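At position 145 of the sequence shown (counting the first as 1) the number is 145 in the UniProt record's numbering, and the numbers step up by one without a gap. All C-beta atoms in this analysis are idealised placements derived from N, C-alpha and C, irrespective of residue type, glycine included. Model, not experiment: these values are computed from the prediction. To start, the structure itself, in structure tokens.
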Amino acid sequence: MAEYQAPLRDMRFVLNEVFEANKLWASLAGTQDTIDPETAEAILEEAGKITASLIAPLSREGDEEGCTWHEAGVKTPTGYKEAYKTFIEGGWCGLSGNADYEGMGMPKMLGAQYEEMLYSSDISFGLYACLTSGACLAIDAHASEELKNKYLPKMYSGEWAGAMDLTEPHSGTDLGMIRTKAVENGDGSYSITGTKIFITGGEQDLSENIIHLVLAKLPGAPAGSRGISLFLVPRNSVDENNVVGENNKVTCGSIEHKMGIKASATCVMNFDGAQGWLVGEENKGLAAMFTMMNYERLSVGIQGFAAAERSYQNAVEYAKDRIQGRAPTGVVQAEKEADPIIVHPDVRRMLMTMRAYTEGSRAFSTYVASFLDTAKYSDNADEKKQADAMVALLTPIAKAYMTDRALDSCIAGQQVFGGHGFIREWGQEQLVRDTRITQIYEGTNGIQSLDLMGRKIVSNGGKLYELFATEVSEFIEKNADNEALESLIKPLAVAIERLSDVTEFVIKAAAEDKNAIGAASVEYLELFGLTAYAYMWARMAVVAEPKVAGDTSGFYEAKLRTANFFFSRLLPRSVSLSESIRSGSEDMMSLDLDAF
Numbered sequence: 001m002a003e004y005q006a007p008l009r010d011m012r013f014v015l016n017e018v019f020e021a022n023k024l025w026a027s028l029a030g031t032q033d034t035i036d037p038e039t040a041e042a043i044l045e046e047a048g049k050i051t052a053s054l055i056a057p058l059s060r061e062g063d064e065e066g067c068t069w070h071e072a073g074v075k076t077p078t079g080y081k082e083a084y085k086t087f088i089e090g091g092w093c094g095l096s097g098n099a100d101y102e103g104m105g106m107p108k109m110l111g112a113q114y115e116e117m118l119y120s121s122d123i124s125f126g127l128y129a130c131l132t133s134g135a136c137l138a139i140d141a142h143a144s145e146e147l148k149n150k151y152l153p154k155m156y157s158g159e160w161a162g163a164m165d166l167t168e169p170h171s172g173t174d175l176g177m178i179r180t181k182a183v184e185n186g187d188g189s190y191s192i193t194g195t196k197i198f199i200t201g202g203e204q205d206l207s208e209n210i211i212h213l214v215l216a217k218l219p220g221a222p223a224g225s226r227g228i229s230l231f232l233v234p235r236n237s238v239d240e241n242n243v244v245g246e247n248n249k250v251t252c253g254s255i256e257h258k259m260g261i262k263a264s265a266t267c268v269m270n271f272d273g274a275q276g277w278l279v280g281e282e283n284k285g286l287a288a289m290f291t292m293m294n295y296e297r298l299s300v301g302i303q304g305f306a307a308a309e310r311s312y313q314n315a316v317e318y319a320k321d322r323i324q325g326r327a328p329t330g331v332v333q334a335e336k337e338a339d340p341i342i343v344h345p346d347v348r349r350m351l352m353t354m355r356a357y358t359e360g361s362r363a364f365s366t367y368v369a370s371f372l373d374t375a376k377y378s379d380n381a382d383e384k385k386q387a388d389a390m391v392a393l394l395t396p397i398a399k400a401y402m403t404d405r406a407l408d409s410c411i412a413g414q415q416v417f418g419g420h421g422f423i424r425e426w427g428q429e430q431l432v433r434d435t436r437i438t439q440i441y442e443g444t445n446g447i448q449s450l451d452l453m454g455r456k457i458v459s460n461g462g463k464l465y466e467l468f469a470t471e472v473s474e475f476i477e478k479n480a481d482n483e484a485l486e487s488l489i490k491p492l493a494v495a496i497e498r499l500s501d502v503t504e505f506v507i508k509a510a511a512e513d514k515n516a517i518g519a520a521s522v523e524y525l526e527l528f529g530l531t532a533y534a535y536m537w538a539r540m541a542v543v544a545e546p547k548v549a550g551d552t553s554g555f556y557e558a559k560l561r562t563a564n565f566f567f568s569r570l571l572p573r574s575v576s577l578s579e580s581i582r583s584g585s586e587d588m589m590s591l592d593l594d595a596f
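Here you go:
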């Protein structure tokens, strides 16, 4: 398997040239004094080194060994504990943390590139750090000053980890069904009792303590999701001097034996009268938890295409080395008994598809992150409001479309390897297994589609969609006279018109057919994602095209050729998706239940 190398050149292109991150950060009140080009570059460089040299070598053996459960706790694979110690000494857990509580305060646009490198090197290792970051977001946004001062510095340092405890055996998507209970103790704390499942990093041997954010219900709370509260529950008690003491009646009953991410402990957690503290208001726990959901769902999308990047790197190296047959156009390497398989059109098709989707995902994740930064750091109320709206609209696409295409790319990489991709030796089958979960957790991709179609489109009559459509239309108008890129701008105009027409179609259909939203949702999200990627590729092409002539490295030429491939070979799929959506729900729902 190829040694992982962080794609820093492409990251710089997306950050600095396409989205001009430094200009955005300089314009936002909350980042003006925090980040500059030199700092951003230093972070990218160092992240590339530490992920490639420290973490990536752990991935294969970590998958083979996995985590092991003992009554005293969970043991992570050999080498993880030592690597984690080195990792947190570099301050990486607090990269995007609030500087008021000893975080580094870096913006999400930069954090997205760091997360990609972390997940490309080893998804399992990355989950321990990124779950802590997610827990910190909720604490920072909703907890009392006392709780923030007590817990955030230690979590940003990585000395204490974080975990988020939502799911129960009978309650997955429908969190209103949870049974975990919280009873007030009379001293400002609560007694938490219940069982949670599928808790990533719920127990491990990397950090001194684990801080759980637990959804539970108070006595007499309203039924359903309106009665959920959020509590901070440390695994081990912490005294007034921040000294970690005995177990706080928080134990791991078992760990799951999984298809992938085997070095990430997925735990059954038992709370047997554990002491916890309310985060935010009573019965407003879901709102508090969803503060960090947009970040976490983007993070899962990044997790997916980060694995796809690793798959692409592996497949390219293999395709250049593996010799089989001769090129259709004639012998390429006469000194060898066959040519490398990269000369064959079908292999090129797979590699170019992987490249187009992965580089498109890198651009799209950065695009979404720019709105997260604006929403968080701007002091302009109108700017923040529009950025929040764009985040709400685009987050389901970032989570679902990126991970769907990521699995496709990991499978394509496996296919390039042929039989060698199916055996463990080359590492390709691990990427397929590890990536599969990204379509399931943090809300399945089907749920993301329903969220997009129902809540973000139909419920407001397409008003959120218009924000995106208007931006794309303005871009098209601005570049309408660019003859060099006419082959991209005109198809983009057709694609956004097609998406707008389909959006209007579903909104009207939903008024008459209760199944219309569910019937259209998955294909609609895919159509939206494909169109959004076309917009990303057009934006990248507009930046790259004027720089081709003076570039001896070939970077910008490759960028343009990949853009052309996306528009000619992948974007046409929008036609079939549109037709599928327009077919409605009747054929899908008409078969009698007894016939299944």
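For the region 539–552 against the region 400–420, are there 3 or more C-beta pairs whose distance is under 8 Å? Between the region 539–552 and the region 400–420, the count of Cβ pairs shorter than 8 Å is below three; the stretches do not touch.
Taking 6 Å as the cut-off, does the CB of THR435 come closer than this to any heavy atom belonging to the ligand SAM? For the ligand SAM, the structure offers nothing, since it holds no ligand at all.
Identified DSSP bridge partners for GLY162: Here residue 162 refers to the residue found at position 162 when the sequence shown is read from its first residue. Bridge pairing for GLY162: ILE211 [DSSP].
What is the residue span of the alpha helix (DSSP H) that CYS93 lies within? Locating residue 93 in the sequence shown gives position 93, counting from the first residue. CYS93: not part of any alpha helix (DSSP H); DSSP gives it neither H nor E.
How would you label GLY285, buried or exposed, when you count the other beta carbons within 10 angstroms and need 16 or more for buried? Position 285 of the sequence shown holds residue 285. Under this definition GLY285 is a buried residue.
Which one or two residues does DSSP pair with TYR190 in a beta bridge? Looking up residue 190 in the sequence shown gives position 190. GLU184, GLY276.
Quick one: grab the DSSP three-state call for ALA2. Translated into positions along the sequence shown, residue 2 becomes position 2. ALA2 carries a coil assignment under DSSP once its states are collapsed to helix, strand and coil.
Provide the residue(s) that pair with PHE271 in DSSP beta bridges, ordered along the chain. For this step, residue 271 is matched to residue 271 along the sequence shown. PHE271 pairs with GLY194, VAL250.
Beta-carbon separation of ILE342 and ALA319 under 7 Å? Taking the sequence shown and counting its residues from 1, one reaches residue 342 at position 342. Taking the sequence shown and counting its residues from 1, one reaches residue 319 at position 319. A contact, by the Cβ cut-off of 7 Å.
Please check the pair GLY399 and ARG310, which I expect to be a contact at CB under 8 Å, by giving their CB distance rounded to whole angstroms. Here residue 399 is taken as the residue at index 399 of the sequence shown, counted from 1. Here residue 310 is taken as the residue at index 310 of the sequence shown, counted from 1. With the sequence shown as reference, residue 399 is identified as Lys, and Gly is not the correct amino acid for it. With a Cβ gap of about 19 Å, LYS399 and ARG310 do not count as contacting.
Close-in-space but distant-in-sequence residues of the same chain around ILE255 (CB under 7 Å, 5 per side omitted): As a working mapping, residue 255 is identified with position 255 in the sequence shown. Around ILE255: CYS67, TRP69, VAL74, ALA265, THR266, CYS267.
Considering just the uninterrupted stretch of the beta strand (DSSP E) at PRO234, what are its terminal residues? Numbered from 1 along the sequence shown, position 234 holds the residue referred to as residue 234. That run of the beta strand (DSSP E) goes 229–234.
Local Cβ density within 10 Å of ILE457, reported as buried at 16 or more and exposed below that: By one-based count along the sequence shown, residue 457 stands at place 457. Buried, since its Cβ has 16 or more Cβ neighbours within 10 Å.
Return the chain-ordered ranges of every alpha helix (DSSP H) run that is complete within the region 44–121 and spans a minimum of 4 residues. 59–65, 80–89, 108–121
Can you have a look at VAL391 and say buried or exposed, based on whether 16 or more other CB atoms are within 10 angstroms of its CB? Numbered from 1 along the sequence shown, position 391 holds the residue referred to as residue 391. Classification of VAL391: buried, given that the 10 Å Cβ count is 16 or more.
As assigned by DSSP and simplified to three states, the class of SER585: In the sequence shown, counting from the first residue as 1, residue 585 sits at position 585. The answer is coil: DSSP assigns SER585 none of H, G, I, E or B.
When you compare the CB positions of TYR312 and MET354, do they come within less than 7 Å of one another, or not? Here residue 312 corresponds to residue number 312 of the sequence shown, with the count starting at 1. Here residue 354 corresponds to residue number 354 of the sequence shown, with the count starting at 1. Cβ atoms of TYR312 and MET354: closer than 7 Å.
Look up PRO340 in the DSSP assignment and give the residues it is bridged to. Indexing the sequence shown from 1 puts residue 340 at position 340. PRO340 pairs with ILE323.
If you run the structure through DSSP and keep just helix, strand and coil, what is THR266? For the purposes of this step, residue 266 is taken as the residue at position 266 of the sequence shown. The answer is strand: DSSP assigns THR266 an E or B state.
CB contact below 7 Å: SER133 versus chain C: Protein chains in the displayed structure number just one, and chain C is not present.
Buried or exposed for MET402, going by 16 or more other Cβ atoms inside 10 Å? For the purposes of this step, residue 402 is taken as the residue at position 402 of the sequence shown. By the 10 Å Cβ count, MET402 comes out buried.
Under a three-way DSSP split, which group does THR173 fall into? In the sequence shown, the residue the question calls residue 173 occupies position 173. In the structure shown, THR173 sits in coil (DSSP, three-state: anything other than H, G, I, E or B).
Can you pull the DSSP bridge partners for ILE255? In the sequence shown, the residue the question calls residue 255 occupies position 255. CYS267, per the DSSP bridge assignment.
My understanding is that THR438 touches VAL300, with C-beta atoms under 8 Å, so please give their C-beta distance in whole angstroms. Along the sequence shown, read from residue 1 onward, the residue named residue 438 stands at position 438. Along the sequence shown, read from residue 1 onward, the residue named residue 300 stands at position 300. At roughly 5 Å, the Cβ-Cβ gap stays under 8 Å, so THR438 and VAL300 are in contact.
For residue 609, write down the residues that DSSP places opposite it in a beta bridge. Because residue 609 is not part of the residues shown, which for the chain are 1 to 596, the question remains open.
For GLY245, name the three-state secondary structure that DSSP assigns. In the sequence shown, the residue the question calls residue 245 occupies position 245. Note: GLY245 maps to strand in three-state DSSP.
Member of HIS257, VAL238, ALA221 whose CA lies at the smallest distance from the CA of ASN283: Within the sequence shown, numbered from 1, the residue matching residue 283 stands at position 283. That would be ALA221, whose Cα lies nearest to the Cα of ASN283.
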